[in-house]
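Chemist: Here the protein sequences line up with chains A and B, keeping their order. Residue numbers for the first sequence follow our numbering, so the first one is 1 and each next one is one higher. Residue numbers for the second sequence follow our numbering, so the first one is 1 and each next one is one higher. Every residue gets a Cβ at the ideal spot worked out from N, C-alpha and C, and that includes glycine. Below you'll find the structure I mean.
Protein chains: 2
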Amino acid sequence: MNKKEIILGIDIGGTTTTIGFTDYEGNMLLETVRPTRAEQHITAYLPRLYEAVDALYTPLRAHNVWVATGIGAPNGNYFKGTVENPPNLQWGGVIPLCDLFEKQYKVPTFLTNDANAAAIGEMKFGAAKGMKDFILLTLGTGLGSGIVVDGELVYGHTGFAGELGHSTVNYNGRLCGCGRRGCLETYVSVTGIRRTVSKLLADSLVYSELRDISQNDLTGEMITDAALQGDKIALEAFEYTGRIFGMKLAEFSVFTSPEAFILFGGLARAKDLLLQPTLKYMEANMFPAFHGKIKLIFSALQDKNAAVLGACALAWHELEKQKRTI
Amino acid sequence: MNKKEIILGIDIGGTTTTIGFTDYEGNMLLETVRPTRAEQHITAYLPRLYEAVDALYTPLRAHNVWVATGIGAPNGNYFKGTVENPPNLQWGGVIPLCDLFEKQYKVPTFLTNDANAAAIGEMKFGAAKGMKDFILLTLGTGLGSGIVVDGELVYGHTGFAGELGHSTVNYNGRLCGCGRRGCLETYVSVTGIRRTVSKLLADSLVYSELRDISQNDLTGEMITDAALQGDKIALEAFEYTGRIFGMKLAEFSVFTSPEAFILFGGLARAKDLLLQPTLKYMEANMFPAFHGKIKLIFSALQDKNAAVLGACALAWHELEKQKRTI
């Protein structure tokens, strides 16, 4: 009997690490979630990860063959296969994760950041199927992006292209974790809309149930729920977020002329509350040649192991590229 | 005797059309410049163009063979080989220029806009030799751009990617020819710096010889010459232009993480007057990961038939791509 080829996907987050094996159709065969323990050094993290991978592969071994590994990791350098000083992991410097994995398992291993992996995931299995030019935006704690041009991810000269969360909205605006002011992610992300709620609570006197919640306790879901119940501050926060987001999406359009923007991550769960103002301001500010031509849609993988699927899709995509050039 | 393979390059501008034959090393064998007569319909333009091409090829015919044609034209659609309603040519609608040329000469013909052609020209023969990720910016009447990612031009879903002149500096800013406000080219271009001089003449009372020249009479060279002689308004105009330009280049960097920005066109002739403030503000606003890593350099083809070389480079590049995929 021929064994079925399968791919290992690993998504490394600050809180949890998710690993799973998929086939070429994107079916998840087995998946498990482990704590990352971000405060630990890489030498403590890796043995735990290997153990989890071994345990996951054991029952699959009889009928499948593991042909490649894809990893999505913060500050992942695609060119070097390294994870470079991610602010949220105490791994210690530049970690050659691909080399370490290939030594351990003798399987070709590919790595990029989580937003890039998500973009390839959407192209293979999700909302960007059949598209060759699109931009994926992940709206979580920050704003990550994966830019696809002519069917390939844009890595740029350094491997770190696609940092659209650090495009500038206002040079005198909100302080960003990167040290500069007014970056897009300080407005458009879960953290960004929380800051916007604080600003609106400061500026207005209107009644809002959000006045009873501290900034640290406030979640994206709370703002969404409040908006759905008609809370004026919450509604205005989405309008404000959508206005800034829409204006920047219009500007991004003149760069790569995408077929679609695909929205992913915590804030994207607000659906129409975010989509309606964003679309309105995107079209109102669009370069005339692109009016009405760019789709604004949601991820099709949001609730379907998107991160691990993305990591698997990266590995699959790289295997295909290698076959094409042989 | 083996005939040498040569390429025809055509650069169509609002005032003149330049045509020339080059070899694969970018040596110009013969070149000629004709008036475009922008007010004429395409049916009047084409016979004149064919006549000029025939006259140019006749003396080359004995020792060379014409293998491809490249065209740089305003509103050139690379995917369709069409020129689509350029505002400065009264050709009448969408002109299938590649098809018309291939019918006339039975030679494969490729077309894109002038900034894209210039970018490929720099990659083959100029300042971007050996680079795979860079952005070329042409600072003329407007601001055009050609974005190269992993050795290929970015065309996007529509074929019209790379309109960085229409990225936004100020949503309440100067009116742009595209109908919107605050586009980069209303500040950073020959026209833009002329508008800046008018603004500075309005805002200040300082002595300047530029007060004796009308906005329409003012040229980029005049502003450069005045600045070199210490004219305060002219110097401040370059500082203002460089500040806006540098801030936007820093922002562009997070998109494609280029190795270099390459400056071309009339305003680039101001050299250090433009470069120094631009570089200062680019670095001051740069995303930390890219600090000191992105070159800001001038075209190496500025005075060397750049437009026609670019059109030839496009055709050569496309021939190479076809060979790779066969």
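In whole angstroms, what is the alpha-carbon distance linking B/Leu274 and A/Ala73?
Modeler: Residue 274 of chain B sits at position 274 when you count from the first residue of the second sequence. Residue 73 of chain A sits at position 73 when you count from the first residue of the first sequence. Whole-angstrom Cα-Cα distance: 40 Å.
Chemist: Just list the beta strand (DSSP E) runs in the stretch 233-313 of chain B, keeping only unbroken ones of 3 residues or longer that don't cross its boundaries, in chain order.
Modeler: Within the stretch 233-313 of chain B, the complete beta strand (DSSP E) runs of at least 3 residues fall at 260-264, 295-298.
Chemist: Would you identify the three-state DSSP class for A/Ser204, choosing helix, strand or coil?
Modeler: Taking the first residue of the first sequence as 1, we reach residue 204 of chain A at position 204. Three-state DSSP puts A/Ser204 in coil, outside helix and strand.
Chemist: Are there 16 or more other CB atoms within 10 angstroms of the CB of B/Asp203, so buried, or fewer, so exposed?
Modeler: To locate residue 203 of chain B, count along the second sequence from 1; it is residue 203. B/Asp203 is exposed by the Cβ-count criterion.
Chemist: What residues are listed by DSSP as bridge partners for A/Gly144?
Modeler: To locate residue 144 of chain A, count along the first sequence from 1; it is residue 144. DSSP output for A/Gly144 lists A/Thr138 as bridge partner(s).
Chemist: With DSSP collapsed to three states, give me the class of B/Cys176.
Modeler: Within the second sequence, numbered from 1, the residue matching residue 176 of chain B stands at position 176. In this structure, B/Cys176 counts as coil in the three-state DSSP scheme.
Chemist: Looking at the unbroken beta strand (DSSP E) that takes in B/Pro35, where does it start and where does it end?
Modeler: By 1-based counting over the second sequence, the position of residue 35 of chain B is 35. Where B/Pro35 is concerned, the enclosing beta strand (DSSP E) stretches over 28-35.
Chemist: With distances taken between CB atoms, is the gap from A/Ile193 to A/Gly220 smaller than 9 Å?
Modeler: On the first sequence, residue 193 of chain A is found 193 positions in, with the first residue counted as 1. On the first sequence, residue 220 of chain A is found 220 positions in, with the first residue counted as 1. Taking C-beta atoms as the reference points, A/Ile193 and A/Gly220 count as a pair closer than 9 Å.
Chemist: As an exercise, report each continuous alpha helix (DSSP H) stretch of at least 4 residues that is fully enclosed by the stretch 37-70 of chain A, in chain order.
Modeler: When DSSP assignments are scanned along the stretch 37-70 of chain A, the uninterrupted stretches of alpha helix (DSSP H) that are 4 or more residues long and fall wholly within it turn out to be 42-57.
Chemist: Under DSSP, the alpha helix (DSSP H) around A/Asp212 begins and ends at which residues?
Modeler: Mapped onto the first sequence, residue 212 of chain A falls at position 212. Here A/Asp212 belongs to no alpha helix (DSSP H), and DSSP marks it neither H nor E.
Chemist: Distance cutoff 9 Å, beta carbons only. Does B/Gly70 sit that close to anything in chain A?
Modeler: The sequence position of residue 70 of chain B within the second sequence is 70, counting from 1. Chain A has no Cβ within less than 9 Å of the Cβ of B/Gly70.
Chemist: Answer yes or no: does any C-beta atom of chain A fall closer than 9 Å to that of B/Ala327?
Modeler: What is shown of chain B runs 1 to 326, which leaves residue 327 of chain B out entirely.
Chemist: Give the straight-line distance between the Cα atoms of A/Arg195 and A/Leu263, rounded to the nearest whole angstrom.
Modeler: As a first step, residue 195 of chain A must be located in the first sequence, where it is residue number 195. As a first step, residue 263 of chain A must be located in the first sequence, where it is residue number 263. Taking the straight line joining both Cα atoms gives about 20 Å.
Chemist: Could you give the residue range of the alpha helix (DSSP H) that holds A/Gly103?
Modeler: Here residue 103 of chain A refers to the residue found at position 103 when the first sequence is read from its first residue. Residue identity differs from the one stated: residue 103 of chain A is Lys in this sequence, not Gly. 97-105 is the extent of the alpha helix (DSSP H) around A/Lys103.
Chemist: Between B/Met131 and chain A, is there a C-beta pair that is closer than 9 Å?
Modeler: Residue mapping note: residue 131 of chain B aligns to position 131 of the second sequence, counting from 1. Answer yes: the Cβ-Cβ gap between B/Met131 and chain A drops below 9 Å somewhere.
Chemist: Applying the criterion that 16 or more other CB atoms from any shown protein chain within 10 Å of the CB defines a buried residue, is B/Gly126 buried or exposed?
Modeler: The residue labelled residue 126 of chain B in the question sits at position 126 within the second sequence. By the 10 Å Cβ count, B/Gly126 comes out buried.
Chemist: Going along the chain, which residues of the stretch 300-315 of chain B sit with their C-beta nearer than 7 Å to a C-beta in chain A?
Modeler: none
Chemist: Could you compute how far the alpha carbon of A/Gly230 sits from the alpha carbon of A/Ala311?
Modeler: By 1-based counting over the first sequence, the position of residue 230 of chain A is 230. By 1-based counting over the first sequence, the position of residue 311 of chain A is 311. Between the alpha carbons of A/Gly230 and A/Ala311 lies a distance of about 39 Å.
Chemist: Taking the alpha helix (DSSP H) that A/Glu122 belongs to, which residues open and close that run?
Modeler: Stepping through the first sequence from its first residue, residue 122 of chain A is reached at position 122. That run of the alpha helix (DSSP H) goes 114-125.
Chemist: Determine, for A/Leu296, whether the minimum Cβ-Cβ distance to residues of chain B falls below 9 Å.
Modeler: Working through the first sequence from its first residue, we reach residue 296 of chain A at position 296. Answer no: the Cβ-Cβ gap between A/Leu296 and chain B never drops below 9 Å.
Chemist: Determine the contact status of A/Leu296 and A/Met286, defining contact as a CB-CB distance below 9 Å.
Modeler: Here residue 296 of chain A refers to the residue found at position 296 of the first sequence. Here residue 286 of chain A refers to the residue found at position 286 of the first sequence. Contact flag unset, no.
Chemist: Whole angstroms is fine: what's the gap from A/Arg243's alpha carbon to B/Thr36's?
Modeler: The count along the first sequence starts at 1 and reaches residue 243 of chain A at position 243. The count along the second sequence starts at 1 and reaches residue 36 of chain B at position 36. Between A/Arg243 and B/Thr36, the alpha-carbon positions lie close to 44 Å from each other.
Chemist: For the candidate residues A/Leu137, A/Thr138, A/Met123, whose alpha-carbon lies nearest to that of A/Met131?
Modeler: In the first sequence, residue 131 of chain A corresponds to position 131, counting from 1. Here the closest residue by C-alpha is A/Met123.
Chemist: Quick one: give me the first and last residue of the alpha helix (DSSP H) that B/Asp225 is part of.
Modeler: Along the second sequence, read from residue 1 onward, the residue named residue 225 of chain B stands at position 225. Note, B/Asp225: alpha helix (DSSP H), 220-228.
Chemist: Measuring only the C-alpha atoms, how far is B/Ile71 from B/Ala119?
Modeler: Translated into positions along the second sequence, residue 71 of chain B becomes position 71. Translated into positions along the second sequence, residue 119 of chain B becomes position 119. Rounded to the nearest angstrom, the two C-alpha atoms are 13 Å apart.
Chemist: For A/Ser330, count neighbouring Cβ atoms within 10 angstroms of its own Cβ and tell me buried if that reaches 16, exposed if not.
Modeler: The structure shown does not extend to residue 330 of chain A, since chain A is modelled only from 1 through 326, so no value can be given for it.
Chemist: For the beta strand (DSSP E) containing B/Val154, name the first residue and the last one.
Modeler: Taking the second sequence and counting its residues from 1, the one referred to as residue 154 of chain B is at position 154. Element bounds for B/Val154: n/a, residue is neither H nor E.
Chemist: Taking C-alpha atoms, which residue in A/Leu143, A/His157, A/Glu31 lies nearest to A/Gly177?
Modeler: Stepping through the first sequence from its first residue, residue 177 of chain A is reached at position 177. The shortest C-alpha separation from A/Gly177 is found at A/Leu143.
Chemist: Taking the alpha carbon of A/Ile147 as the reference point, which residue from B/Tyr105, B/Ala68, B/Thr256, B/Phe79 has its own alpha carbon closest?
Modeler: For the purposes of this step, residue 147 of chain A is identified with residue 147 of the first sequence, where counting begins at 1. Checked all of B/Tyr105, B/Ala68, B/Thr256, B/Phe79; the closest Cα to A/Ile147 is B/Thr256.
Chemist: Just how far apart, CA to CA, sit A/Cys183 and B/Ala250?
Modeler: Position 183 of the first sequence, counting from 1, holds the residue named residue 183 of chain A. Position 250 of the second sequence, counting from 1, holds the residue named residue 250 of chain B. In a straight line, the C-alpha of A/Cys183 is about 12 Å away from that of B/Ala250.
Chemist: In terms of DSSP beta bridges, what is B/Val149 paired with?
Modeler: Position 149 of the second sequence, counting from 1, holds the residue named residue 149 of chain B. Answer is B/Glu152.
Chemist: By the 9 Å beta-carbon criterion, what residues does the stretch 160-172 of chain A contribute toward chain B?
Modeler: Cβ contacts with chain B: Phe160, Ala161, Gly162, Glu163, Leu164, Gly165, His166, Ser167, Thr168, Tyr171.
Chemist: Taking only beta carbons into account, state which residues of the stretch 248-259 of chain A come closer than 7 Å to chain B, listed in chain order.
Modeler: Glu251, Val254, Phe255, Thr256, Ser257, Pro258, Glu259
Chemist: Once DSSP output is grouped into helix, strand and coil, what is the label at B/Gly192?
Modeler: As a working mapping, residue 192 of chain B is identified with position 192 in the second sequence. Helix, per DSSP.
Chemist: Which whole-angstrom value describes the C-beta separation of B/Leu97 and B/Val83, a residue pair presumed to lie in contact below a C-beta threshold of 8 Å?
Modeler: Numbered from its first residue, the second sequence carries residue 97 of chain B at position 97. Numbered from its first residue, the second sequence carries residue 83 of chain B at position 83. B/Leu97 to B/Val83, Cβ: 5 Å. Contact.
Chemist: Between the beta-carbon of A/Leu46 and the beta-carbon of A/Ile19, is there less than 9 Å?
Modeler: To locate residue 46 of chain A, count along the first sequence from 1; it is residue 46. To locate residue 19 of chain A, count along the first sequence from 1; it is residue 19. For A/Leu46 and A/Ile19, no; Cβs fall outside 9 Å.
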